[in-house]
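A.B. asks: For the numbering used here, count along the sequence shown from 1 and bump the result up by 6. Provided herewith is a single structure, encoded as structure tokens, for subsequent inquiry.
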Amino acid sequence: MKANIKCIIPKCGFEDNIHSEITKCPKCGNLLDVVYSNQDASSFTELFKLRKNNPQGIFDKSGVWRFRELLPFPLTEDNPFSVLVSLDGKEGQTFPFRLTEVAKYVGVDKDNFYLQFEGDNPTGSFKDNGMAAAFTHAKIMGKNKVVCASTGNTSASMAAFSANELGKMDAIVFVGNEKIAIGKLAQSLEYGARVIQINGDFDDAMKKVLEIGKEESLYLMNSVNPFRLEGQKTIMYRVLEGLGWRAPDWIVVPGGNLGNSSAFGKALYELRELGIIERIPRIAVINAEGANTFDRIVNKEGVKWNNGNVDFERIEGFYRKMDEENRKAKTICSAIEINRPVNLTKALRTIEWSNGVVRSVSDEEALDAKAIVGRNGFGCEPASATAIAGIRRLVKEGIIKKDEVVVGILTGHQLKDPVATINYHKNKSNRFANIPIEVENDLEEIKKAIKKHKAPSKKTEYLSSSE
Ligand code: F0G
């Protein structure tokens with residue numbers, strides 16, 4: 007088995023071994039993939055099942071390393087298990103399940119509608135999948151200092167994985183001042199990372215990290231690192247495993263830095279190449295309206311992957327105009343408040359490979375959708391709910407059909423951003439607000455109040471045919 011890093015642009019052809027920390031092609035400046043030599047995958051799904059049902063240790067338990075034949079870069083080392091990194095096998099314990107109320111809300115048959123709750127990861131977001139792989143690579147490289155820019159979840163996850171290395175790994179995170187949800191900031195502080203709050207937003211922080219990373223020889227943990235995306239491929243493996251390795255019609259995912267969109271496209275393409283699935287599901291990437299670079303680049307600028315012949319001048323022109331207009335990302339979905347997604351080119355590739363679509367949803371649509379996920383007894387953070395609002399929109403547009411099999415990815419936990427949730431429910435003009443009931447400390451008054459206020463879960467007005 008051979009693993010290499012390779013430029014994503016086919017005509018460039020740059021390739022090197024995995025003992026490298028570069029995140030950009032030295033020849034043409036584009037993004038890099040981790041690529042593998044051909045494998046016989048005929049027994050893989052049986053092997054994964056066996057490990058799931060009868061795990062022999064934490065790497066069989068891990069929802070990432072259980073699939074290690076599909077991200078085999080560490081297996082090329084002399085002693086693979088000594089380099090694998092895991093939070094005691096707890097990352098990636100997620101699978102697709104049905105949520106009836108959400109299915110009704112988006113307008114898809116409840117038997118065909120699934121959500122995968124990546125908020126169930128140890129640090130409360132999908133990032134733990136990617137960190138398991140990226141920390142493994144950092145360890146192969148002998149690094150002991152890691153860095154990232156973050157809207158909060160990458161930093162929380164990186165800080166936790168560093169802490170788990172018991173003093174052997176130093177974490178430095180860059181965040182925009184007041185740009186990250188409090189739950190996420192709390193995590194990074196508690197896990198003992200050095201938190202650098204800069205005056206600016208994620209895009210500013212990302213720029214600084216790319217500059218400082220080179221100078222200080224820090225290992226970069228953002229999704230521009232191709233090894234992180236190898237870990238995020240496993241989100242798709244668990245979806246498919248949950249569906250008996252039958253491809254759904256749609257995968258719907260929020261788009262911020264476009265790491266997931268990129269990783270999902272690669273995962274599905276590789277699975278088809280290996281003969282594990284027959285076709286690639288369509289991928290819908292959902293931006294927030296206030297941070298909709300990908301939507302604009304695809305739908306307004308008409309930029310395509312075009313088999314690697316991307317119109318980079320058009321993208322540059324788009325960014326130049328954005329700078330001239332001093333346009334900053336602005337959305338309540340703070341996790342995806344990003345105007346310069348680092349994985350844009352890979353995500354264009356995903357759209358082509360999967361015959362995918364890109365849409366944007368408003369903050370209001372995202373928060374209403376989030377409230378419905380909560381009604382179903384789960385909950386997610388605002389950015390995650392863009393996937394739900396996006397499905398709803400695509401159903402209304404007639405692009406997603408009612409009877410198609412749809413899987414939405416809920417990327418982060420409800421408790422990451424309690425402020426957004428409370429503000430929503432305190433404001434009665436919000437569609438699914440659940441206003442706290444203020445009552446005198448008096449039994450009679452309390453009884454009256456309970457009679458007067460109906461239980462919010464009975465409000466099913468979103469089912470009305472007038473929509
Ligand atoms: N959802 C959540 C909860 C996120 O934290 C992020 C990204 C996304 C969606 C977007 O995913 O970047 O793969 O398109 N959060 C990053 C961070 C940027 O720093 O935590 P993407």
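Even glycine gets a Cβ: it sits at the ideal position worked out from N, Cα and C. As the structure is a computational prediction, the values presented were derived from the model and not from experiment.
Considering only the beta carbon of each residue, do Ala177 and Ala165 sit closer than 8 Å?
C.D. replies: yes
A.B. asks: Taking Glu222 as part of the alpha helix (DSSP H), name the residues at either end of that continuous run.
C.D. replies: Taken as a continuous stretch (DSSP letters only), the alpha helix (DSSP H) holding Glu222 covers Phe208 to Glu222.
A.B. asks: Closer than 8 Å by C-beta to Thr82: which residues in its own chain qualify, once you throw out the five before and the five after it? Chain order, please.
C.D. replies: Met7, Lys8, Ala9 and Ile24
A.B. asks: Among residues of its own chain, excluding the 5 on either side of Phe141, which ones have a beta-carbon nearer than 6 Å to its beta-carbon?
C.D. replies: Here the set comprises Val91 and Phe167.
A.B. asks: Can you tell me where the beta strand (DSSP E) holding Leu38 begins and where it ends?
C.D. replies: Per DSSP, Leu38 is one residue of the beta strand (DSSP E) stretching across Leu38 to Tyr42.
A.B. asks: State the start and end residues of the unbroken beta strand (DSSP E) segment that holds Gly173.
C.D. replies: That residue, Gly173, is in no beta strand (DSSP E); it is neither H nor E in DSSP.
A.B. asks: Please determine whether the Cβ atom of Ile342 lies at a distance below 7 Å from any heavy atom of the ligand F0G.
C.D. replies: yes
A.B. asks: State the beta-bridge partners of Gly21 as determined by DSSP.
C.D. replies: In the sequence under discussion, the amino acid at residue 21 is Glu, which differs from the Gly named in the question. According to DSSP, Glu21 bridges with Lys12.
A.B. asks: Relative to the C-alpha of Gly219, which residue among Lys151, Thr157, Leu235 and Gly314 is closest?
C.D. replies: Lys151
A.B. asks: Give the range of the alpha helix (DSSP H) segment to which Lys58 is assigned.
C.D. replies: Phe50 to Asn59
A.B. asks: With distances taken Cα to Cα, identify the nearest neighbour of Pro287 among Phe101, Arg200, Ser360 and Asp423.
C.D. replies: Ser360
A.B. asks: Measure the C-alpha to C-alpha separation of Trp3 and Ile289 and round it to an integer number of angstroms.
C.D. replies: Residue 3 falls outside the range modelled here, since the chain spans only 7 to 473, and no answer is possible.
A.B. asks: Determine, using beta-carbon pairs with one atom in the segment 355–374 and one in the segment 223–243, whether at least three such pairs fall under 8 Å.
C.D. replies: no
A.B. asks: If we count the other Cβ atoms within 10 Å of its Cβ and call it buried at 16 or more, is Ala461 buried or exposed?
C.D. replies: exposed
A.B. asks: Is Val401 helix, strand or coil when you go by DSSP?
C.D. replies: helix
A.B. asks: What is the DSSP secondary structure of Leu77, reduced to helix, strand or coil?
C.D. replies: coil
A.B. asks: DSSP on Asn293, reduced to helix/strand/coil?
C.D. replies: In the structure shown, Asn293 adopts extended strand secondary structure according to DSSP, grouped into three states.
A.B. asks: Check whether the Cβ atoms of Leu277 and Pro102 lie closer than 8 Å to each other.
C.D. replies: no
A.B. asks: Compare the beta carbon distance of Ile379 and Ile394 with 8 Å and say whether it is the shorter of the two.
C.D. replies: At residue 379 the sequence reads Val, which differs from the Ile that was named. When the beta-carbon positions are compared, Val379 and Ile394 come within less than 8 Å of each other.
A.B. asks: Determine, using beta carbons only, whether Ile241 and Glu124 come nearer to each other than 8 Å.
C.D. replies: yes
A.B. asks: Are the beta-carbon atoms belonging to Val259 and Ser268 less than 8 Å from one another?
C.D. replies: no
A.B. asks: Cα-Cα, which of Glu184, Asp126, Lys453 and Leu77 is closest to Leu280?
C.D. replies: Distances from the alpha-carbon of Leu280 to those of Glu184, Asp126, Lys453 and Leu77 put Leu77 closest.
A.B. asks: Using only the alpha-carbon positions, how far apart do Ala187 and Lys422 sit?
C.D. replies: 6 Å
A.B. asks: Contact between the segment 26–37 and the segment 67–75: three or more CB pairs below 8 Å?
C.D. replies: no
A.B. asks: Report all residues from its chain with a CB closer than 6 Å to the CB of Lys12; omit the five preceding and five following residues, and keep chain order.
C.D. replies: Glu21, Asp39 and Val41
A.B. asks: Please tell me whether Asn345 and Ala297 are closer than 8 Å, where the distance is taken between their beta carbons.
C.D. replies: A contact, by the Cβ cut-off of 8 Å.
A.B. asks: Any heavy atom of the ligand F0G closer than 7 Å to the CB of Asn266?
C.D. replies: yes
A.B. asks: So what does DSSP say about Ala144, is it helix, strand or coil?
C.D. replies: helix
A.B. asks: With distances taken Cα to Cα, identify the nearest neighbour of Thr351 among Trp251, Glu387, Pro232 and Ile342.
C.D. replies: Pro232
A.B. asks: Under the three-state reduction of DSSP, which class applies to Trp256: helix, strand or coil?
C.D. replies: strand
A.B. asks: Counting along the chain, where does the alpha helix (DSSP H) carrying Arg381 start and finish?
C.D. replies: Asp369 to Arg381
A.B. asks: Return the CA-CA distance between Ala391 and Leu416, expressed in angstroms with no decimal places.
C.D. replies: 7 Å
A.B. asks: Express the C-alpha separation of Gly206 and Asn170 in angstroms, rounding to a whole number.
C.D. replies: 30 Å
A.B. asks: Tell me the start and end of each unbroken beta strand (DSSP E) in the segment 403–458 that is at least 3 residues and wholly inside, in chain order.
C.D. replies: 412–416
A.B. asks: Tell me the DSSP secondary structure of Ser168 in three-state form.
C.D. replies: DSSP places Ser168 in helix when its eight states are reduced to three.
A.B. asks: With a floor of 4 residues, list each alpha helix (DSSP H) that falls wholly inside the segment 255–330, ordered by position along the chain.
C.D. replies: 265–279 and 318–330
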